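The structure under discussion appears below in the form of C-alpha cells.
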Amino acid sequence: MKTRRIVGPLDQRKRLTRCQSCARRRIKCEGGTPCEYCVRMKKNCQPQAATVSELKFVSHSVVPQHTSNLQPQISDKPDSVYLKTFFLFLQRCEFTPEFANLGSEFLPLIQTCAPLREATVAIGALEISRSPSTRSSDELRSPYHFALKSYSKALTSLQHYIQSPHAIHCQGVLWCTLLLGLFELMIEVSGGQWARHMLYGTSKILELSGTDSRSDYVGCQSFETFRLLEGNRAILYGEDTVLSDYSRMGQLDVMTSNPLDEILNFIIKMSSFISSIELSQFQKISDAIIQI
Numbered sequence: 146m147k148t149r150r151i152v153g154p155l156d157q158r159k160r161l162t163r164c165q166s167c168a169r170r171r172i173k174c175e176g177g178t179p180c181e182y183c184v185r186m187k188k189n190c191q192p193q194a195a196t197v198s199e200l201k202f203v204s205h206s207v208v209p210q211h212t213s214n215l216q217p218q219i220s221d222k223p224d225s226v227y228l229k230t231f232f233l234f235l236q237r238c239e240f241t242p243e244f245a246n247l248g249s250e251f252l253p254l255i256q257t258c259a260p261l262r263e264a265t266v267a268i269g270a271l272e273i274s275r276s277p278s279t280r281s282s283d284e285l286r287s288p289y290h291f292a293l294k295s296y297s298k299a300l301t302s303l304q305h306y307i308q309s310p311h312a313i314h315c316q317g318v319l320w321c322t323l324l325l326g327l328f329e330l331m332i333e334v335s336g337g338q339w340a341r342h343m344l345y346g347t348s349k350i351l352e353l354s355g356t357d358s359r360s361d362y363v364g365c366q367s368f369e370t371f372r373l374l375e376g377n378r379a380i381l382y383g384e385d386t387v388l389s390d391y392s393r394m395g396q397l398d399v400m401t402s403n404p405l406d407e408i409l410n411f412i413i414k415m416s417s418f419i420s421s422i423e424l425s426q427f428q429k430i431s432d433a434i435i436q437i
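In this note's numbering, each residue's number is its place in the sequence shown (first place is 1) plus 145.
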C-alpha cells in the first residue's frame, strides 16, 4: 500500500477538507461544518487531525576506523631511468651474437667504474630523447641535454681515470671508450668523431692492454665489438687498421667460428692490402682478389 504523500504548507491541491466520519466512510464531505453526513447520522463532525512531524533522536556510536597511511610514491631518479633504457638498448644491438646478453655482466663494471656509468647513462638518455613522445618544456632538463651532460662527465672522468697505472687492465675503461665512440656515432651524422675515437682511443687501449683485455667473457665481447666497428671504419675510410697486426700475429684466426667472423677477417685483410700499395701499383696488379 502506498503511503500518503506529505503535503507542503503551500500545496492547496491536497488539503484535508473531510471530517473524520467522512474520511472513515471515504465519502465526499459536503455542507461545511457540520457536514450533511454528520447532521443526518447525528455524529460529532470533527476535522481530521493534521499529522505533525516529530523529531526522533537516535543514539549512534561512532566506531573508530583504522586507516593506513599510504607511503608517497618515490619516482626513480633520471639516471636510474636512463640506465634501464641503456640495458633495453643493449638487447636491440647485434654487434656480436651474444651482445644482447651482456646486461648482467655490465652491472659489476658500472658499479666500479665511474666513467663507464656516465657513458651508459648518456646513451640511455640519448635513446629516450629520440622518442617522438618525449617532450620537455625545460630544455635544461630534457633527456637530450642530460645525455650531453653525462657524456661530458664521462670524458672528464675518463681522463682522470686513465692516469691510474691499473686503468689499462680495467675492462670498464675499454668498454667506456667503446660506448663513448658509439655515442658519438649516434649523435653525429658524419661519423668523424667516432672514427677518430676508434682510431686513437679504443685501439690504443687495446694495444696497450694486450691479450689481458680478452682473457674473460666480457673482454672477449669488447674485442669482438671493436673488431666489427673498426673493420667497418677501415673499409669506409679506406685506411689501414690496427687489426691487421692482430691478423699477422694469428690472433684472429681462432675466432672464425661463424660466417660473420670470416667476413670480418676478409675485410681486415682487404683493408691492410689496399692501404699497403700505391694507386699506380694498384692499377697494374693482377691479383686474384682484386679481380674478384
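Every residue gets a Cβ at the ideal spot worked out from N, C-alpha and C, and that includes glycine.
Note that the structure is predicted; figures quoted are calculated from it, not measured.
Taking C-beta to C-beta, are E352 and W339 nearer than 8 Å?
-> no
Identify the continuous alpha helix (DSSP H) that holds F368 and give its terminal residues.
-> 362-382
Contact under 8 Å by Cβ, T347 with G326 = yes
Could you tell me how far apart the beta carbons of F244 and G269 are, in whole angstroms, since I believe they sit closer than 8 Å?
-> About 16 Å separates the two Cβ atoms, so there is no contact after all.
Using a Cβ-Cβ cut-off of 8 Å (strictly less than) and excluding sequence neighbours within five positions of F234, which residues of its own chain qualify?
-> I268, G269, E272
Segment contact, 8 Å Cβ cut-off, at least three pairs: the region 310-324 with the region 250-265 | yes
In three-state DSSP terms, what is P242?
-> coil
Below 7 Å CB to CB, which residues in the same chain sit around V315 once its five sequence neighbours on both sides are set aside?
-> According to the sequence provided, residue 315 is Cys. The question's Val does not apply to it. Excluding sequence neighbours, C315 sits near C258.
Apart from the five residues on each side of it in sequence, which residues of its chain come closer than 6 Å, Cβ to Cβ, to V363?
-> E250, Q316
Which residues mark the beginning and the end of the alpha helix (DSSP H) in which E181 is found?
-> 181-186
Three-state class that DSSP yields for C164 in the structure shown | strand
Closest to G177 by CA distance: which of R275, A168, C190 is it?
-> C190
CB of L409 within 8 Å of CB of R372, strictly | yes
Given N377 as reference, the closest of K414, K349, Q366, V203 once Cα atoms are compared | K414
What separation, rounded to the nearest whole angstrom, lies between the Cα atoms of E333 and S295?
-> 16 Å
Going by other Cβ atoms of all chains shown within 10 Å of its Cβ, with 16 needed for buried, is A194 buried or exposed?
-> exposed
CB contact flag (I255, L261, <8 Å) = yes
Give the straight-line distance between the Cα atoms of C164 and P192, rounded to the nearest whole angstrom.
-> 4 Å
Beta-carbon spacing of S274, Y289 below 8 Å | yes
Which residues share a DSSP beta bridge with P277?
-> For P277, which the question treats as bridged, DSSP gives no partner whatsoever.
Of the residues Q308, K298, G336, which one's Cα is nearest the Cα of L381?
-> G336
From H311 to Y345, what does the alpha carbon distance come to, in whole angstroms?
-> 20 Å
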